[in-house]
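This report concerns only the one structure given below.
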Amino acid sequence: MDMFLFALGCLIFICFILHLYTRQVQQQIKDPHHRAFQQVFLFVYLLALAGDWLQGPHVYALYESYGIQKHEIEILFIAGFGSSMLFGTIVASLADKYGRRNICFLYGILYGVSCVTKHFPNFQILFVGRLLAGMATSILFSAFESWLVSEHRHRNFESETLGIVFANAYFGNSVVAILSGIIAQLAANTFGYVAPFDTAIITFIALCFLLATTWSENYGDANAPISQSFLSAWKSIKSDRKIFLLGIVQALFEASMYVFTLEWTPALTQVLNTETIDKTDSKNPPIPHGYIFASYMVAMMMGSNSFKVFCNYTTPESFMRYIIIMSAFCLSVPVFLPQNQIVMFIAFLVFEFCVGIFWPAMATMRSKYISEEARATVMNYFRIPLNFIVVVILLKDFHLKVIFVSCVFFLGLAATAMFLLHQLSLHTIHSFSPVNKLLTEQEEKMLQAMNSSTDENANKNEPLRSSTS
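Quick note on the numbering used here: the sequence shown kicks off at 176 and runs consecutively.
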């Protein structure tokens with residue numbers, strides 16, 4: 176307990192120093208219109224995230240309090256990921272045709288109704304709630320970002336400032352996660368396990384009100400039929416290697432991240448003497464989950480701040496190669512050092528630091544490579560394989576070592592795809608650089624001069640041919 180609390184204090188201090196340094200070296204947004212736009216987006220987006228974070232810590236505990244068996248709880252979680260993979264892909268992709276703001280509004284409704292189902296200790300009703308939550312999650316991770324990128328371009332803001340907005344959004348995500356965890360715990364202690372979900376409902380009502388009053392609507396290709404939107408997105412992935420590789424990186428990294436969120440608790444507790452642990456004693460848990468979770472969020476905040484610094488020196492395509500490799504090394508620690516809790520915890524903190532860099536980096540690259548017409552649809556295609564991987568791991572009762580070996584393998588593939596994407600980005604920059612453009616123009620002039628001289632010689636030789644004939 177003391178070790179985890181000490182680690183949290185050190186992380187908060189380091190994060191504060193890093194935040195002060197970042198404010199000095201990062202590019203500042205001078206346009207007052209852009210600052211106002213960023214505030215409007217962040218207020219709504221962070222409210223949407225708060226509604227999600229408020230529920231997370233007590234979903235499993237609520238199901239257990241209703242007397243639902245462990246196997247049935249696993250089915251409920253599988254239903255959520257499966258719904259996100261199947262129904263969520265379709266629903267969230269409607270944003271390109273029917274409007275990003277409208278689908279964000281639907282997010283609040285679906286998730287709000289899902290929270291209402293938590294009042295009923297009935298497996299079938301809770302199952303429906305998980306289906307709705309899965310669809311809402313797909314919207315959260317696609318429609319809001321699609322609205323931001325489209326609106327940012329429509330208002331002709333500098334493209335470089337978009338990365339700053341993403342970094343601030345994911346920094347705020349960590350802050351909201353910590354605050355939501357505290358609020359949810361206070362609500363649960365006072366009113367019971369269902370209270371955090373009621374708090375989330377209030378959050379979703381406020382979200383819908385702000386969406387209706389502060390956001391304008393934007394679309395992808397509103398005139399195209401829905402089937403055309405799916406075909407267009409699929410063709411983009413097939414024809415553009417950069418989008419294809421970006422999708423591989425996102426799917427494999429996020430799959431490893433979701434698996435990590437499910438398995439870090441057993442990884443840190445496996446070193447303890449399980450025979451002496453009373454898992455039903457909530458007052459004396461084997462590890463302090465609250466302190467550890469807060470430490471992870473602070474590490475993510477440090478990563479988001481570091482992203483801003485890294486972007487001053489190089490591109491996300493460049494530094495993300497090494498971030499993914501570092502992530503793979505971190506998740507290999509439970510495989511090679513399963514009995515060393517301290518080293519494992521430090522490795523998990525470094526992994527969360529990498530996650531904090533991953534989110535804004537991926538969002539920045541998506542804004543660069545994915546076309547406007549079917550942005551949300553393409554992003555939801557990326558979520559299909561990651562949800563499939565998580566569902567398979569939940570269905571199969573793999574040993575903990577096998578699970579982390581799989582994560583390392585996924586991250587190794589993601590790193591390979593990232594290296595290839597970096598090479599393609601260098602080729603694109605090289606092809607369209609001003610120097611190469613100048614060289615191409617000079618080459619064209621030389622060819623024209625050679626052709627003209629050839630024509631002149633041909634004209635001079637023409638009379639000779641006539642006389643000889």
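Glycine included, each C-beta is placed from N, C-alpha and C at the ideal position.
* Asked: Quick one: Cα of L224 to Cα of I498, how far?
  -> Straight through space, the alpha carbons of I498 and L224 are spaced by roughly 25 Å.
* Asked: Are the beta-carbon atoms of P207 and G338 separated by less than 9 Å?
  -> no
* To do: Can you have a look at L269 and say buried or exposed, based on whether 16 or more other CB atoms are within 10 angstroms of its CB?
  => Answer is buried; the Cβ neighbour count reaches 16.
* Count the other C-beta atoms from every protein chain shown that fall within 10 angstroms of the C-beta of H271, then say buried if there are 16 or more, exposed otherwise. => Sequence inspection shows Asp at residue 271; the His mentioned does not correspond to that position. Answer is buried; the Cβ neighbour count reaches 16.
* Assumed close pair V369, L237 - CB separation to whole angstroms, cut-off 8 Å -> That belief holds up - the Cβ atoms of V369 and L237 are roughly 6 Å apart, short of 8 Å.
* According to the Cβ coordinates, are A469 and I559 closer than 9 Å? -> no
* To do: Less than 8 Å between the CB atoms is what I'm expecting for F482 and I532, so what's the real figure, rounded?
  => 5 Å
* Check K413 in the structure and name its three-state DSSP category. => helix
* Asked: Are M519 and L421 closer than 9 Å when you measure CB to CB?
  -> No, they are not a contact pair.
* Asked: Just how far apart, CA to CA, sit R330 and N398?
  -> 22 Å
* To do: For R416, count neighbouring C-beta atoms within 10 Å of its own C-beta (all shown protein chains included) and say buried if the count is 16 or more, exposed if not.
  => exposed
* R305 beta carbon less than 9 Å from that of S355 -> no
* To the nearest angstrom, how far is it from the Cα of I521 to the Cα of P400? -> 50 Å
* Asked: What are the uninterrupted segments assigned as alpha helix (DSSP H) that are 4 or more residues long and contained completely in the segment 368 to 450, given in chain order?
  -> Here the runs fully enclosed are 370 to 389, 401 to 414, 416 to 444.
* Asked: Using a Cβ-Cβ cut-off of 8 Å (strictly less than) and excluding sequence neighbours within five positions of I300, which residues of its own chain qualify?
  -> Closer than 8 Å at Cβ, skipping near neighbours: T292.
* Taking only the alpha-carbon atoms, compute the straight-line gap between S177 and Y345 and give it to the nearest angstrom. => The question names Ser, yet the displayed sequence has Asp at residue 177. Whole-angstrom Cα-Cα distance: 29 Å.
* Beta-carbon proximity of A387 to F212, cut-off 9 Å -> no
* Does the beta-carbon of F341 have 16 or more other beta-carbons within 10 angstroms, so that it is buried, or is it exposed? -> buried
* **F218 burial status per 10 Å Cβ neighbour count (16 or more: buried)** => F218 sits exposed, since fewer than 16 C-beta atoms from the chains shown fall within 10 Å of its C-beta.
* For T490, name the three-state secondary structure that DSSP assigns. => coil
* **For F405 and L195, the rounded distance between their alpha carbons** => 44 Å
* The alpha helix (DSSP H) enclosing P207, as first and last residue numbers -> 207 to 230
* Asked: Shortest alpha-carbon distance to I517 belongs to which of L221, N393, L447, L229?
  -> L447
* **For S349, the first and last residue of its enclosing alpha helix (DSSP H)** => 335 to 366
* Say whether the segment 421 to 437 touches the segment 582 to 600, bearing in mind that this needs 3 or more beta-carbon pairs closer than 8 Å, one atom from each stretch. => yes
* Taking just the CA atoms, how far does V580 sit from N562? -> 18 Å
* Assigned exposure category for L361 - 16 Cβ within 10 Å defines buried -> exposed
* Distance between V530 and F594 (C-alpha atoms, nearest Å) -> 18 Å
* Could you tell me whether the segment 320 to 327 touches the segment 543 to 557, using the rule of 3 or more Cβ pairs below 8 Å? => yes
* To do: Identify whether Y241 lies in helix, strand or coil by the three-state DSSP scheme.
  => coil
* Asked: N515 by DSSP, collapsed to three states: which one?
  -> Of the three classes helix, strand and coil, the one that applies to N515 here is coil, per DSSP.
* Identify which residue in L285, F295, C290 has its Cα closest to the Cα of I314. => L285
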